[in-house]
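Line by line, the protein sequences give chains A and B. This note's numbering puts the first residue of the first sequence at 1, with every later residue one more than the last. This note's numbering puts the first residue of the second sequence at 1001, with every later residue one more than the last. Note that CB positions come from ideal geometry on N, CA and C, so glycine has one too.
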Amino acid sequence: MKRIFVIFTTISLVFTACEKEEEIIEGCTDTGSVNYNSNATNDNGSCKYNLSINFTHTIDGNPLEINQMIYTNTASQNYSIQTLRYLLSDITLHSANGTSTLLDEVHFITISDPSTFNLDIQDLNSANYIAISFTMGLDSLKNITNNYLNESFFPSFSWPDFIGGGYHYMQLEGDYTTALQGYATHTGGTDGIDFSFTKHFPISLNIANANTIVIINMEINNWYSNPNIINLTTDGIMGNANKQSLLQANGIADVFSIFYPIK
Amino acid sequence: MSGCTDNTAVNYSADAITDDGSCFFFSTTPFIIETPSGFPEMNIPSNNPMTVEGVSLGEKLFKDPILSRNNTQACINCHQQNFSFSDPNQYSTGIDHIQGIRNASALINIGWNTSFNWDGSSLTLEEQAFEPVSNPIEMHNDWKVVESTLNTHADYPTLFKEAFNIDYIDSNYVVMAIAQFERTLISANSKFDRYLKGEAQLTVSELGGYAIFNSEKGDCFHCHGTQMFMDNLFHNNGLDPEPFTDLGLGKITNNASDNAKFKTPTLRNIELTAPYMHDGRFSTLEEVVEHYNSGGEYSLTVDPLMKKLGVGLQLTNQEKQDLIAFLKTLTDNNFISEK
């Protein structure tokens, strides 16, 4: 008897509370969004979400381990990796309604600073995203000497004017065959040719979740494998348009891949 | 009693009852840094803006032995202007006649450095300036003593008042003034700079050296690149095999993979800053070039850009001379004669 009475009181309280709210408050009503408005009574489509892009690096599918002569390329050379630094530009999400959202104009990644492995995008509209694209390196409009003077990759990523100017796209360095020999796979515009390339990955992503993570993975060994088998040498390749074009073709083929949660 | 009765004025007098119109207020003149072509904006801490008053006070402090315990040594004694603010001796000698283990760095465009000392042990110029004053093998003083000497000095209290509007000279303001002066040590008017502007010609030999420096033939630009001639990074350029006597960056980060890495110095004014390397081991540019030309020593942390250890660049004698001729185009005579 007593119990029923208690329940009854509670219900009547709830009723009283509801009656007070006459006005409709517009806002985002999704608790999983970054701008959830607890006062809102009507969802007006303004919800925003966080997206995190993570950059990962593998060799033969395994996470990169630096400074160890444990890798073998298709040309059967043993090699290690000490430095990996690269620029991705125009990282863009494309939505079903034809609009695109530029997430970052230029993003610099270096394995010596894990904070560069993340690109956190705040306040993204909820939409059905159907593709993600990015450019490896800088296209010729961006790849201009001193264009990015105040970025963290200046001065160390500069490509001398003497051999064309602009910036490196990638510096992949280590030893090969013996610890006494270093290689430097440095890619960039050479002989007036812009060797940057754009990758466009179809995805099916509805960002309506507190934190969505999209992974862009670089499979490092593939730079040297497919379709062109590339030998590591101690000779620089920065003035070598032929080598640059072989690396570009390999880069386009299967160096990058995308992982994202499927709902 | 009459005087200035406004308590926000510099000459506020607590005893004054009637204001005689003599009040004057704290104001400083901004010191404008001209960013040389090819340089980013200088990163100036927001709590220490550049002022004409601060810079000139900093210069006075930099040159004044008052900061040392026995009043015999100023910053300028180890960072001599004629040598592009470096020490021509391999190791500098402190006030107690003790020598350190590192060559005094040249102070050139250091406002653009992202860390200081060969091992990057300081992250700001303000922080760095605390160190030589109290270092027992340098000026061997005590900051409390410095503060009391400056506060009782005939000129300094007024100069600090003008620069920072303070009544008591605290060590933080001493290093702020010094750092402001150090940020004005800008060198960007060498023959090479004039060549880039089309105002000077390089000789055939200098141009040959320019090409070696800026291509993978010499591969100097990867670490000493751009018009800054440095990369703000740390490398082991193959000077020594293990075991290392000086761990460099590794001692600061406690990370063995940083052992024997040192901050890449700018090559501007390199003709003036002998001896070379963190320990001043090379007395001539010929020796430096020979080091790179013969490839360097193997160690676990040697930079992969030292691509052919023990073999080196294999430059001809002419090419070596050309490279040195190019390095000498980086000398800026105004830098050592101004001020």
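Hey, Tyr1210(B) and Phe197(A): beta-carbon distance below 8 Å or not? Tyr1210(B) places its beta carbon 8 Å or farther from that of Phe197(A).
Give me the residue from Lys1191(B), Leu1150(B), Lys1161(B) and Asp1155(B) with the minimum Cα distance to Ser1171(B). Nearest C-alpha to Ser1171(B): Leu1150(B).
Could you tell me whether the Cβ of Asp113(A) comes closer than 8 Å to any Cβ of chain B? So, not an interface residue.
Would you say Tyr1292(B) lies against chain A (beta-carbon separation less than 8 Å)? Not closer than 8 Å to any Cβ of chain A, the Cβ of Tyr1292(B) fails to qualify, so no.
Relative to the C-alpha of Val255(A), which candidate in Asn217(A), Thr233(A), Gly166(A) and Ile262(A) has its C-alpha closest? Checked all of Asn217(A), Thr233(A), Gly166(A) and Ile262(A); the closest Cα to Val255(A) is Asn217(A).
Please list the terminal residues of the continuous alpha helix (DSSP H) segment that includes Ile1252(B). First-last of the alpha helix (DSSP H) with Ile1252(B): Leu1249 to Thr1253.
Does Thr1226(B) have its Cβ less than 8 Å from a Cβ in chain A? So, interface residue.
Expected contact under 8 Å - CB spacing of Gln1227(B) and Phe1039(B) to nearest Å: That pair is a contact at about 7 Å.
Reducing DSSP to helix, strand and coil, say where Gly1208(B) ends up. Gly1208(B) falls in the helix class under three-state DSSP.
Does Lys243(A) get closer than 8 Å to chain B when you measure Cβ to Cβ? Chain B contact via Cβ: absent.
So, Ile1270(B) versus Gln1081(B), is the Cβ gap smaller than 8 Å? Their beta carbons are not under 8 Å apart, which means Ile1270(B) does not touch Gln1081(B) by this criterion.
Can you tell me whether DSSP reads Leu1323(B) as helix, strand or coil? Residue state, collapsed to three classes: helix.
CA-to-CA distance, Ile1108(B) to Asp191(A), given in whole angstroms: Near 34 Å, if we compare the C-alpha coordinates of Ile1108(B) and Asp191(A).
The segment 92–108 of chain A contacting the segment 117–128 of chain A, beta-carbon criterion three pairs below 8 Å: Contact between the segment 92–108 of chain A and the segment 117–128 of chain A is established, with three or more Cβ pairs separated by less than 8 Å.
CB contact below 8 Å: Glu1138(B) versus chain A: Taking Cβ atoms only, chain A never reaches closer than 8 Å to Glu1138(B), which makes this a no.
Looking at chain B, which residues of the segment 150–161 of chain A have a Cβ within less than 7 Å of any of its Cβ atoms? Residues Asn150, Phe154, Pro155, Ser156, Ser158 and Pro160.
Just to confirm my understanding: we take Ser1134(B), look at its own chain, exclude 5 residues before and 5 after, and list those with CB closer than 7 Å. What are they? For Ser1134(B), where only same-chain residues beyond five positions count, the Cβ hits under 7 Å are Asn1141, Asp1142 and Trp1143.
Compare the C-beta of Ala1106(B) with all C-beta atoms of chain A and state if any pair is closer than 8 Å. Chain A contact via Cβ: absent.
Rounded to whole angstroms, what is the Cα-Cα separation between Glu1053(B) and Cys1075(B)? Near 19 Å, if we compare the C-alpha coordinates of Cys1075(B) and Glu1053(B).
Establish whether the CB of Asp1255(B) and some CB of chain A are separated by less than 8 Å. The sequence as given places Asn at residue 1255(B); Asp does not occur at that position. Using a Cβ-Cβ cut-off of 8 Å, Asn1255(B) does not count as an interface residue toward chain A, since no Cβ of chain A sits closer than that to its own.
Between the segment 1304–1335 of chain B and chain A, which residues of the former have a C-beta closer than 9 Å to a C-beta of the latter? Those would be Pro1304, Leu1305, Met1306, Lys1307, Lys1308, Leu1309, Gly1310 and Val1311, in chain order.
Could you name the residues of chain A that Asp945(B) contacts, counting a contact when the two beta carbons are closer than 7 Å? The displayed coordinates of chain B run from 1001 to 1339. Any statement about residue 945(B) would go beyond what the structure contains.
Using 8 Å as the threshold, is the segment 140–158 of chain A in touch with the segment 175–183 of chain A, meaning 3 or more CB pairs across them? Contact fails: fewer than three Cβ-Cβ distances are below 8 Å.
Can you check whether the CB of Phe195(A) is closer than 8 Å to the CB of Thr185(A)? Between Thr185(A) and Phe195(A), the CB-CB gap reaches or exceeds 8 Å.
Per-residue DSSP class, three states only, for Leu87(A): Correct three-state label for Leu87(A): strand.
Against chain B: residues of the segment 61–93 of chain A by CB proximity under 7 Å: Flagged, chain order: Asn67, Gln82 and Thr83.
DSSP-derived helix/strand/coil call for Ile216(A): Annotated three-state conformation of Ile216(A) is strand, per DSSP.
Contact between the segment 1055–1071 of chain B and the segment 1150–1169 of chain B: three or more CB pairs below 8 Å? Yes, the segment 1055–1071 of chain B is in contact with the segment 1150–1169 of chain B.
State whether the segment 140–147 of chain A contacts the segment 51–61 of chain A, with contact taken as three or more CB pairs (one from each stretch) at a distance under 8 Å. Touching, no.
Which one of Gln77(A), Glu65(A), Tyr79(A) and Glu105(A) has the shortest CA to CA distance from Ser112(A)? For the options Gln77(A), Glu65(A), Tyr79(A) and Glu105(A), the alpha carbon positioned closest to that of Ser112(A) is the one of Glu65(A).
Using C-beta distances below 6 Å, list every residue in its chain close to Ile1137(B), excluding the 5 sequence neighbours before and after it, in chain order. Contacts found: Gly1094, Ile1098 and Gly1100.
So with Cβ pairs under 8 Å, would you call Glu173(A) a contact of chain B? Yes, its Cβ sits closer than 8 Å to a Cβ of chain B.
Do the CB positions of Leu1247(B) and Asn1236(B) come within less than 8 Å of each other? Result no, Cβ atoms of Leu1247(B) and Asn1236(B) do not sit closer than 8 Å.
So Tyr1173(B) contacts chain A; which residues on that side make the cut at Cβ distance below 7 Å? Going along chain A, no residue has its Cβ under 7 Å from Tyr1173(B), so there is no contact; the nearest lies around 29 Å.
With a CB to CB cut of under 6 Å and the five nearest residues on each side skipped, what residues in its chain are close to Gly1208(B)? When the five nearest sequence neighbours on each side are left out, the beta carbons in the same chain lying within less than 6 Å of the beta carbon of Gly1208(B) are those of Asp1322, in order along the chain.
How big is the Cα-Cα spacing for Val6(A) and Thr41(A)? Per-residue confidence for Val6(A) stands at a pLDDT of 38, beneath the threshold of 50, marking its modelled position as unreliable; no derived number is given.
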